[in-house]
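So the sequences go chain by chain: V and E.
Using the working numbering, the first residue of the first sequence is number 26, and each one after it goes up by one.
Using the working numbering, the first residue of the second sequence is number 369, and each one after it goes up by one.
Glycine residues also receive a C-beta, built at the ideal position from the N, C-alpha and C atoms.
Here the structure is a predicted model, which means the values were calculated and not measured.
Remarks on the structure that follows.
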Amino acid sequence: MPDQAQSRIPIVTIGGFLGSGKTTLINHVLRQTDDQRIVVFVNDFGAINIDYDLIETADTNRISLKNGCVCCTLNDDLISSLKLFMDDTDRPDAFVIEASGIADPRALDRSIALLEQTGSVRFDNRIYIVDADQFLNAGFEDAETIIDHAAAADLVLLNKQDLAAAADLQSLEAVFAGSAPNSTVLHTCHCRCSLELILGQRLSSNRVFKTENPVEPLSGHHGFVSWSRETKRKLDRSKFEQFVKYLAATSYRAKGRIFFQNQTNQPRIFSMVGRRAVLEMARNDDAEQISQIVAIGKANSLDKTRLESWFEEMLR
Amino acid sequence: MRETLFHGGTVIPVDGPSQNPDAVAVREGRIISVGSLPEVEESLGTKPVRIDLSGTFLLPGFIDAHSHPLWAAKTRGAPVVDIRAETVPTHEAVWRKIERRVAAARPGEHLLFFGLDAQLHDGFKAPTREQIDEIAPDNPLGIQTSNCHALYLNSAGFAVCGIDENTETPVGSIIERQSCGRPSGKIAEAITWQALEVFYEAWGDDRLNDEFKATIDEFIRQGITTTTEHLYLPFYKAYYLSAIGRGWPLPRIAAYQQAVTPDMQVELMNVGDDRLWMAGVKIHADGSPFIGNIWLTEPYLENEVTLERMDLRAGHTGSPNYPQVYFEEMVRNYVSQGWQMTIHTQGDRTIDMVLDLLEEVLADFPRPDHRFRLEHCALMRDDQIERAVKLGVLSSFFINHITHWGAPIEDVLFGPKRAAHYVPAGSAVKQGMRISLHADTPMTDPSCLHLMQAAMTRKAGDGRCLGPEQCLDAETALRAVTIDAAYQIGKEGVLGSISPGKHADFVVLSGNPLSVQPDEISKIKVLQTWLGGERVYHA
């Protein structure tokens, strides 16, 4: 797991064919952000339908919202647009970028992977939306393109599940299980899913996590549960990495603030999406020195008992 | 008289006497002067076309010293289905894709899949003829490995290729067989490429021409104005002439004929003003490290990948492609005709054999400027580099092995020590060799900026660096895709640098590859490509 020198701004990409639901998802993100400052890049303003009373200012290629979020049009030079926001005194908590509906989202992934090497951003989550209702009508070429793109994503939303017949959904599920085995697949209507799956959980310095009730259903989407633990004991780095391997097998997303043995009082921030995990230095010290881990996974695969025992094993 | 003046940017001539020039003049497709703007203006008439570079960077057009543009069109373009691990992540996913393609096939349609990978596909299992028959009982179906050297066929595939229990295994080829002699599914090396031609032919010329155009456009988009067609076969000429005739922006092509024709005759060919010419002969001394077909002094590592997926025996050290006597006869024959030899060598034992032979041949028939080349050079040792330099033998390094397969090379094939010295471009340069770099398209995508970055950082896909002491500096890496590559194809007098008298082949870049961080080189954009004084690409 790479250990980064300082915390970077996470980037989430959203791909999918025209009409699959990308804009719908972005609207959800902008409305639910809570107090996070999210900067969203979209292809077309016309499609974004933001409530008038949410808008602070608007001009031809930038809409600022009252909740601190910003929505920009995707211009030719995405990289320098991102840099402008990174240099801002009010750094965003995350970037969300909509891939063009006709382009290969992997091309966008590649340019972000390059930007990641500069150390200022972190590739967090690649989301790909599939129109569950239309997929089975697609010809061979289109269907294969969708499958190839989905296989490169961390999270696949089989959207418009309400419009698809149950049997069709089942065969879709089988297609993606076999052909996009490294992606987590989730059924949605109108792209409704918990923001925590898209942007990741927030770690709270005032410790809202309850150790006595470590697994709780996630608001916003049933079928996913979260698990969390905290400890005052400092962790062994190699045992933690072992723990993360299991975590990756059982949950989709995890985040943590970790104090390691033999390291300064500055905690590491841990983030995991799918099978990718990184550690980076937190921006400020933490007087309390309590390590926290929170994970989200599917109810049928997030194995609470084993997570508990692995966590205990790690502390030993 | 057609004249063009480039100014307003940074000119990086790569070679030649000009110190920090800022302007270049072109007349009738050739460079006539390079220097300061007033100097250069003086060499021109009153109304040249002025190209303002607006602060960007003008370099000689890139040269990829070993690739296969026409063959890439055959191998990778539609209707070949891409199953490389970067697109299709696991062996099971490959299998599902094949099933879906078969379900969509017309009766009798020939189906080909490119990119099966024992190292990169999780859960890889070598397919058998019976397994492929089960999902494709009727359509001829072939699955080609990502290293191009092997092909898995079903029964209908064997039938259309005319390979059965009575087929003798041709010299330089492998046909895996059941005990009764019936082919069991896998064929490798030379016979692979003959079998594939059956599929390409079945799809017809329209398909090939469309894909060839797309491949040409891709090279030009990457600023590559000269490359090679290694493994050229005589019937390729028609496609090349047709491309030139239609006015497609074909990069200049140095053809290296495949050493398979029984009579060992090589066609003399020289089309246009350095557009397409027969440069020499390509011969395989060994095969691909990724299927175990290379010849080594130290065996492969032993693990699940080498023993199970690649099906190698413990202690496997491979073998050369041809019996040594036969190989020697071929090399001597082509050398006696005066051709430049480019010899595919990967394993160190193969390189020993080839250097022994070249030393003998050159003692018998001394040739002062032979420029014999070793291609790819995965496991070339330092003592072999020293020998090669003494003999005047050059290496062209397939550096993208590091970026694409770096992790398996170190972890499962050869171990850290050999990985740190894999494709040893740094050692070769230190010993004074003029090297070139190549992407071996279709094996990896054409891009000389990526080649430079790979040679300067030696970073595998997972970010690890393989052998930091082998990294090249920017200037050497740039020479390896311009003037030194031109030297290796025998055209340094007319290509490879911005110098008066040379062809006006240029690439205009958004950044300076000599000064940006090595990790950022591939981020530089190709803005324009010029071929013989004509702009053939504009971003």
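In angstroms with no decimal places, state the Cα-to-Cα distance between residue i and residue j.
{"i": "GLY835/E", "j": "HIS772/E", "result": "15 Å"}
{"i": "ASP716/E", "j": "GLY655/E", "result": "12 Å"}
{"i": "THR275/V", "j": "TYR604/E", "result": "54 Å"}
{"i": "LYS893/E", "j": "PRO538/E", "result": "46 Å"}
{"i": "SER105/V", "j": "ASP118/V", "result": "18 Å"}
{"i": "ARG786/E", "j": "ASP383/E", "result": "34 Å"}
{"i": "ASN515/E", "j": "VAL417/E", "result": "45 Å"}
{"i": "GLU544/E", "j": "GLY553/E", "result": "7 Å"}
{"i": "ASN577/E", "j": "LEU564/E", "result": "17 Å"}
{"i": "GLY549/E", "j": "SER523/E", "result": "14 Å"}
{"i": "ASP84/V", "j": "CYS97/V", "result": "10 Å"}
{"i": "ILE419/E", "j": "LEU895/E", "result": "13 Å"}
{"i": "PHE911/E", "j": "ASP485/E", "result": "Residue 911/E lies beyond the range of chain E shown here (369 to 907); nothing can be said about it."}
{"i": "ALA168/V", "j": "LEU509/E", "result": "21 Å"}
{"i": "ALA682/E", "j": "THR674/E", "result": "9 Å"}
{"i": "ARG135/V", "j": "LYS891/E", "result": "10 Å"}
{"i": "VAL394/E", "j": "THR372/E", "result": "5 Å"}
{"i": "MET339/V", "j": "LEU327/V", "result": "18 Å"}
{"i": "ASP573/E", "j": "LEU438/E", "result": "12 Å"}
Give the residues of chain E in contact with residue i, contact being defined as C-beta atoms less than 7 Å apart.
{"i": "SER12/V", "result": "An answer regarding residue 12/V cannot be provided, because it is not within the stretch 26 to 341 covered by chain V."}
Report the neighbours of residue i on chain E: residues whose CB is nearer than 9 Å to its CB, in chain order.
{"i": "LEU139/V", "result": "ASP887, GLU888, SER890 and LYS891"}
{"i": "ASP173/V", "result": "ASP450, THR455, VAL456 and LYS465"}
Anyone know if the C-beta pair for residue i and residue j falls short of 8 Å?
{"i": "ASP354/E", "j": "GLY900/E", "result": "Outside the displayed span of chain E (369 to 907) sits residue 354/E, for which this structure offers no information."}
{"i": "ILE223/V", "j": "VAL95/V", "result": "no"}
{"i": "GLY800/E", "j": "VAL757/E", "result": "yes"}
{"i": "PRO691/E", "j": "MET721/E", "result": "no"}
{"i": "LEU819/E", "j": "ILE767/E", "result": "yes"}
{"i": "ALA623/E", "j": "LEU644/E", "result": "yes"}
{"i": "HIS436/E", "j": "PRO814/E", "result": "no"}
{"i": "CYS214/V", "j": "ASP187/V", "result": "yes"}
{"i": "ALA202/V", "j": "ASN184/V", "result": "no"}
{"i": "PHE695/E", "j": "ALA647/E", "result": "no"}
{"i": "ASP887/E", "j": "THR825/E", "result": "yes"}
{"i": "ASP179/V", "j": "VAL298/V", "result": "yes"}
{"i": "ARG282/V", "j": "PRO292/V", "result": "yes"}
{"i": "PHE25/V", "j": "LYS323/V", "result": "Lying before the first or after the last residue shown, residue 25/V is absent from chain V, which here runs from 26 to 341."}
{"i": "PHE765/E", "j": "LEU805/E", "result": "yes"}
Should residue i be flagged as near chain V, meaning a C-beta pair shorter than 8 Å?
{"i": "PRO385/E", "result": "no"}
{"i": "ASN661/E", "result": "no"}
{"i": "THR809/E", "result": "no"}
{"i": "THR812/E", "result": "no"}
{"i": "ALA504/E", "result": "no"}
{"i": "PRO836/E", "result": "no"}
{"i": "PRO583/E", "result": "Note that residue 583/E is Thr in the sequence shown, not Pro. Output row for THR583/E: interface = no."}
Is any beta-carbon of chain E found at less than 8 Å from that of residue i?
{"i": "GLU81/V", "result": "no"}
{"i": "ASN100/V", "result": "no"}
{"i": "GLU305/V", "result": "no"}
{"i": "ARG33/V", "result": "no"}
{"i": "TRP335/V", "result": "no"}
{"i": "GLN142/V", "result": "yes"}
{"i": "GLU169/V", "result": "yes"}
Mind checking whether the beta-carbon of residue i lies closer than 7 Å to any heavy atom of the ligand HEM?
{"i": "GLU81/V", "result": "No copy of the ligand HEM appears in this structure; indeed no ligand is present at all."}
Using a cut-off of 7 Å between C-beta atoms, extract the partners of residue i located in chain V.
{"i": "ALA647/E", "result": "By Cβ distance, chain V contributes nothing, its closest Cβ being about 34 Å from ALA647/E, past 7 Å."}
{"i": "ALA682/E", "result": "Under the 7 Å cutoff, chain V gives no residues; its nearest Cβ is about 29 Å from ALA682/E."}
{"i": "PRO457/E", "result": "ALA176, PRO206 and ASN207"}
Against residue i, what residues of chain V qualify as contacts under a CB-to-CB distance less than 8 Å, listed in chain order?
{"i": "THR424/E", "result": "Simply none; closest approach about 15 Å."}
{"i": "PRO472/E", "result": "The identity of residue 472/E in the sequence shown is Ala, whereas the question assumes Pro. Neighbours of ALA472/E on chain V, chain order: PHE165."}
At least three beta-carbon pairs within less than 8 Å, the region 373-389 of chain E to the region 277-295 of chain V: no
Evaluate the contact criterion for the region 799-814 of chain E versus the region 757-767 of chain E: three or more CB pairs, one atom per stretch, below 8 Å. The region 799-814 of chain E is in contact with the region 757-767 of chain E.
Decide if the region 725-737 of chain E is in contact with the region 661-674 of chain E; the criterion is three or more beta carbon pairs, one per stretch, under 8 Å apart. no
Take every Cβ of the region 498-512 of chain E, pair it with every Cβ of the region 454-472 of chain E, and state whether three or more of those distances are shorter than 8 Å. Three or more pairs of CB atoms, one per stretch, sit closer than 8 Å, so the region 498-512 of chain E contacts the region 454-472 of chain E.
Flag this pair as touching only if the region 878-889 of chain E and the region 850-870 of chain E have three or more C-beta atom pairs under 8 Å; answer yes or no. No, the region 878-889 of chain E does not touch the region 850-870 of chain E.
Inter-stretch contact (C-beta, 8 Å, three-pair minimum) for the region 426-434 of chain E and the region 400-418 of chain E: no
Taking 8 Å as the cut-off, does the region 123-141 of chain V touch the region 167-178 of chain V (at least 3 CB pairs, one atom from each stretch)? yes
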